[in-house]
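In the order they appear, the protein sequences are chains A and B.
Numbering-wise, the working numbering puts 97 at position 79 of the first sequence, and it's gapless, one number per residue.
Numbering-wise, the working numbering puts 1380 at position 72 of the second sequence, and it's gapless, one number per residue.
Worksheet for the structure shown next.
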Amino acid sequence: MKDKRLAIVIPAYNEERTIIEVIRGLKQHGFVTLIVVDDGSSDRTAELARQEGVILLRHIINRGLGGALGTGIVAALRLGAEAIVTFDADGQHDPDDIDRLIEPLVKGEADVVIGSRMLEPTGMPYARRLANWSANIVTYLLFRGWTTDSQSGLRAFSGRAAAQLQIMTNGMEVSSEIIAETVKNRLKRKEVPVQAVYTDYSLSKGQSFKVGLRTLKKLILAKVRRLAL
Amino acid sequence: MRPIQFLLLVFALVALAKVLHSYTRRGIRSRDFLFWASVWIGTAAIITFPEATSFLAHLLGIGRGADLIIYASLLISFHLILRIHLTLARLEQEITEIVRAVAMERLTESLDSCSTEGE
């Protein structure tokens, strides 16, 4: 399913160091519909992505991961995608994993597939493992959806499932919100192990303790809003 | 009237005047006007007749009228903070929708130009 029916959504904010490599890697693996959402970067991310020949969407101001993912998904659906993969622009994902990721979609075994870095967490720093498990527990407590890697940026959705997602958050908290949406819409969720490439760069782009706390606060507010809706 | 009562009363009346002013200039909605007007009229009444709160406090089993006021204002403040948070979240979401619409518009334009080039 490496044809036009599969759209890869790449949210990117100030990723000029890695964006070219990420796009080329995906192209080498035969993926043709690449949607880069430049989330108001102040560096050359958008320019470089355009030179690589992708579908480029630009946010005029920075809105955060959730905003960028939402835009990418809307665009993918508009282009008629039957399956959507989200892929981080920091170079931490391996394009090799996408085939395994979309397999449950193709076989009709799942509507949403999470690429879990925690099933085979070789090479993941221990502090990062602890942070991820904490996030999983928080996600479960707030939204009743258990995954081994709630914060993974590598996910696959069927077009039908993606159309059902109502993303209301703008920042990093979107990852947990997506899990919440799969629970709310009773979507079949599956996990497949993926490899995370940890470099100093990708680690620096991840969530620090401070950002983690802010995300926690926003998640609790998102929970309040979901209750009020 | 004690000096503190006088000061607080002046503050409440100035605040009330501001509310009235912004309402007549159509700055705020009727609902908000009624809410804030009653807040400041209520405050002015309590400042002028503090014994009334003691009566209410005793009814509720709270020792002093002043304590009742502190409890009530804390509750109201927390409620308002939460409402502000939710309003901000909604505004954030609306900003995102605008930013998304702009991005999508350009996508449609570039797709249109691509398809014309292909013809």
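Even for Gly, the Cβ is constructed at its ideal location relative to N, Cα and C.
These figures come from a predicted structure and were not determined experimentally.
Practice task
Taking 8 Å as the cut-off, decide whether the C-beta atoms of A25 (chain A) and D57 (chain A) are in contact.
Solution key: Sequence index remark: in the first sequence, residue 25 (chain A) carries index 7 (1-based). Sequence index remark: in the first sequence, residue 57 (chain A) carries index 39 (1-based). A25 (chain A) is not a Cβ neighbour of D57 (chain A), given a cutoff of 8 Å.
Practice task
Using alpha carbons as the reference points, say which of A:R243, A:M142, A:V130, A:D117 lies closest to M19 (chain A).
Solution key: By one-based count along the first sequence, residue 19 (chain A) stands at place 1. Checking every option, the nearest Cα to that of M19 (chain A) belongs to A:D117.
Exercise for the section: Could you tell me the distance, in whole angstroms, from the CA atom of D114 (chain A) to the CA atom of L172 (chain A)? Expected result: Translated into the one-based positions of the first sequence, residue 114 (chain A) becomes position 96. Translated into the one-based positions of the first sequence, residue 172 (chain A) becomes position 154. Going by the C-alpha atoms only, they are around 12 Å apart.
Practice task
Under 8 Å by Cβ, that's how I've got G177 (chain A) and A93 (chain A) pegged, so tell me the actual separation to the nearest angstrom.
Solution key: Numbered from 1 along the first sequence, position 159 holds the residue referred to as residue 177 (chain A). Numbered from 1 along the first sequence, position 75 holds the residue referred to as residue 93 (chain A). Rounded, the Cβ-Cβ distance is 12 Å, inconsistent with contact.
Exercise for the section: At 8 Å on the CB atoms, spell out the chain B contacts of N188 (chain A), in chain order. Expected result: Against the first sequence, residue 188 (chain A) aligns to sequence position 170. Result: E1400, Q1401, T1404.
Practice task
Flag this pair as yes or no: are the beta carbons of T1361 (chain B) and I1378 (chain B) separated by less than 8 Å?
Solution key: Stepping through the second sequence from its first residue, residue 1361 (chain B) is reached at position 53. Stepping through the second sequence from its first residue, residue 1378 (chain B) is reached at position 70. Cβ distance not < 8 Å, so T1361 (chain B) and I1378 (chain B) don't count as in contact.
Exercise for the section: Quick one: residues in its chain with C-beta nearer than 6 Å to the C-beta of D106 (chain A), no 5 flanking neighbours on either side, listed in chain order? Expected result: Working through the first sequence from its first residue, we reach residue 106 (chain A) at position 88. Counting only Cβ-Cβ distances below 6 Å, and skipping sequence neighbours, we find G171.
Problem - Closest Cα partner of F161 (chain A) within the set A:E199, A:M190, A:S59, A:R62 - result: Mapped onto the first sequence, residue 161 (chain A) falls at position 143. The candidate whose alpha carbon is nearest that of F161 (chain A) is A:E199.
Practice task
Grab the span of the beta strand (DSSP E) containing P29 (chain A) for me, first residue to last.
Solution key: By 1-based counting over the first sequence, the position of residue 29 (chain A) is 11. Looking at the DSSP string, the run of the beta strand (DSSP E) that includes P29 (chain A) is 24 to 30.
Practice task
Would you kindly report the start and end of the unbroken alpha helix (DSSP H) that includes E39 (chain A)?
Solution key: By one-based count along the first sequence, residue 39 (chain A) stands at place 21. Start and end: 37 to 46.
Exercise for the section: Please name the residue or residues paired with V192 (chain A) in a DSSP beta bridge. Expected result: The residue given as residue 192 (chain A) occupies position 174 in the first sequence. According to DSSP, which records beta bridges pairwise, V192 (chain A) is partnered with nothing at all.
Exercise for the section: Within its chain, find whatever has a CB closer than 7 Å to the CB of N150 (chain A); leave out the 5 residues flanking it on each side and keep chain order. Expected result: Stepping through the first sequence from its first residue, residue 150 (chain A) is reached at position 132. Contacts found: M136, D167, Q169.
Practice task
Starting from S176 (chain A), trace the beta strand (DSSP E) both ways and give me its first and last residue.
Solution key: Position 158 of the first sequence, counted from the first residue, corresponds to residue 176 (chain A). It spans 173 to 176 - the beta strand (DSSP E) in which S176 (chain A) sits, taken as one unbroken run.
Problem - C-beta neighbour in chain B for I41 (chain A), strict 8 Å - result: For the purposes of this step, residue 41 (chain A) is taken as the residue at position 23 of the first sequence. Output row for I41 (chain A): interface = no.
Handout entry: Within chain B, the residues that R243 (chain A) reaches when beta carbons sit closer than 8 Å
Key = What you label residue 243 (chain A) is simply residue 225 of the first sequence in a count that begins at 1. Going along chain B in sequence order, the residues near R243 (chain A) (Cβ under 8 Å) are L1394, A1397.
Problem - Neighbourhood of G1426 (chain B) by C-beta, 6 Å cutoff - its chain only, sequence neighbours within 5 removed - result: Along the second sequence, read from residue 1 onward, the residue named residue 1426 (chain B) stands at position 118. Low local confidence applies: a pLDDT of 42 at G1426 (chain B) is under 50, so the model's placement there is unreliable, with the coordinate-based value given in what follows. Same-chain partners within the cutoff: there are none.
Handout entry: C-beta contact flag for L97 (chain A) and T51 (chain A) at 8 Å
Key = Along the first sequence, one-based indexing puts residue 97 (chain A) at 79. Along the first sequence, one-based indexing puts residue 51 (chain A) at 33. Between L97 (chain A) and T51 (chain A), the C-beta gap is smaller than 8 Å, which places the two residues in contact.
Practice task
Could you spell out the range, first to last residue, of the beta strand (DSSP E) harbouring T51 (chain A)?
Solution key: Residue mapping note: residue 51 (chain A) aligns to position 33 of the first sequence, counting from 1. Counting along the chain, the beta strand (DSSP E) containing T51 (chain A) begins and ends at 51 to 56.
Practice task
For chain B, find out if any of its Cβ atoms is closer than 8 Å to the Cβ of A93 (chain A); answer yes or no.
Solution key: Sequence index remark: in the first sequence, residue 93 (chain A) carries index 75 (1-based). Closer than 8 Å: yes.
Handout entry: Within chain E, partners of R1391 (chain B) - CB distance below 8 Å
Key = In summary, chain E is missing from the structure at hand, where the protein chains are A and B.
Exercise for the section: Measure from the alpha carbon of E33 (chain A) to the alpha carbon of each residue in A:R23, A:T165, A:D61, then state which is nearest. Expected result: Taking the first residue of the first sequence as 1, we reach residue 33 (chain A) at position 15. Nearest C-alpha to E33 (chain A): A:D61.
Practice task
Please check if any C-beta of chain A sits within less than 8 Å of the C-beta of R1372 (chain B).
Solution key: Working through the second sequence from its first residue, we reach residue 1372 (chain B) at position 64. No, its Cβ sits nowhere closer than 8 Å to a Cβ of chain A.
Exercise for the section: Could you check which residue in A:K223, A:L231, A:Y158 has the C-alpha nearest to that of Q110 (chain A)? Expected result: Translated into positions along the first sequence, residue 110 (chain A) becomes position 92. Measuring from the Cα of Q110 (chain A), the nearest candidate turns out to be A:K223.
Problem - Close-in-space but distant-in-sequence residues of the same chain around P122 (chain A) (CB under 6 Å, 5 per side omitted) - result: Within the first sequence, residue 122 (chain A) is the residue found at index 104, counting from 1. Cβ within range, chain order: A128, V131, K208.
Practice task
Could you tell me the distance, in whole angstroms, from the CA atom of P143 (chain A) to the CA atom of I91 (chain A)?
Solution key: In the first sequence, the residue the question calls residue 143 (chain A) occupies position 125. In the first sequence, the residue the question calls residue 91 (chain A) occupies position 73. Those two C-alpha atoms are separated by around 31 Å.
Practice task
Kindly list, in the order they appear in chain B, the residues whose Cβ is closer than 7 Å to that of H77 (chain A).
Solution key: Translated into the one-based positions of the first sequence, residue 77 (chain A) becomes position 59. Neighbours of H77 (chain A) on chain B, chain order: V1407, A1411.
Exercise for the section: For R135 (chain A), name the three-state secondary structure that DSSP assigns. Expected result: Counted from its first residue, the first sequence places residue 135 (chain A) at position 117. If DSSP states are grouped into helix, strand and coil, R135 (chain A) belongs with coil.
Practice task
Would you list the one or two residues that DSSP bridges to H111 (chain A)?
Solution key: Locating residue 111 (chain A) in the first sequence gives position 93, where the first residue counts as 1. A:A214.
Exercise for the section: Tell me where the alpha helix (DSSP H) around L148 (chain A) begins and ends. Expected result: Stepping through the first sequence from its first residue, residue 148 (chain A) is reached at position 130. 144 to 161 is the extent of the alpha helix (DSSP H) around L148 (chain A).
Problem - Buried versus exposed, by CB contacts within 10 Å (16 or more), S194 (chain A) - result: By 1-based counting over the first sequence, the position of residue 194 (chain A) is 176. Under this definition S194 (chain A) is a buried residue.
Practice task
Would you mind reading off the limits of the beta strand (DSSP E) that contains I1336 (chain B)?
Solution key: Reading the second sequence from its first residue, position 28 is the one you call residue 1336 (chain B). That residue, I1336 (chain B), is in no beta strand (DSSP E); it is neither H nor E in DSSP.
Handout entry: Where the beta strand (DSSP E) through T233 (chain A) begins and ends
Key = Stepping through the first sequence from its first residue, residue 233 (chain A) is reached at position 215. Note, T233 (chain A): premise wrong, no beta strand (DSSP E); alpha helix (DSSP H) at 227 to 246.
Practice task
Inspect the beta-carbon positions of Q46 (chain A) and D112 (chain A) and report whether they are closer than 8 Å.
Solution key: Translated into positions along the first sequence, residue 46 (chain A) becomes position 28. Translated into positions along the first sequence, residue 112 (chain A) becomes position 94. Not a contact, by the Cβ cut-off of 8 Å.
Handout entry: the region 182 to 193 of chain A / the region 231 to 240 of chain A touching (three or more Cβ pairs under 8 Å)
Key = yes
Practice task
Using a Cβ cut-off of 8 Å (strictly closer), state whether T1332 (chain B) contacts chain A.
Solution key: Within the second sequence, residue 1332 (chain B) is the residue found at index 24, counting from 1. Output row for T1332 (chain B): interface = no.
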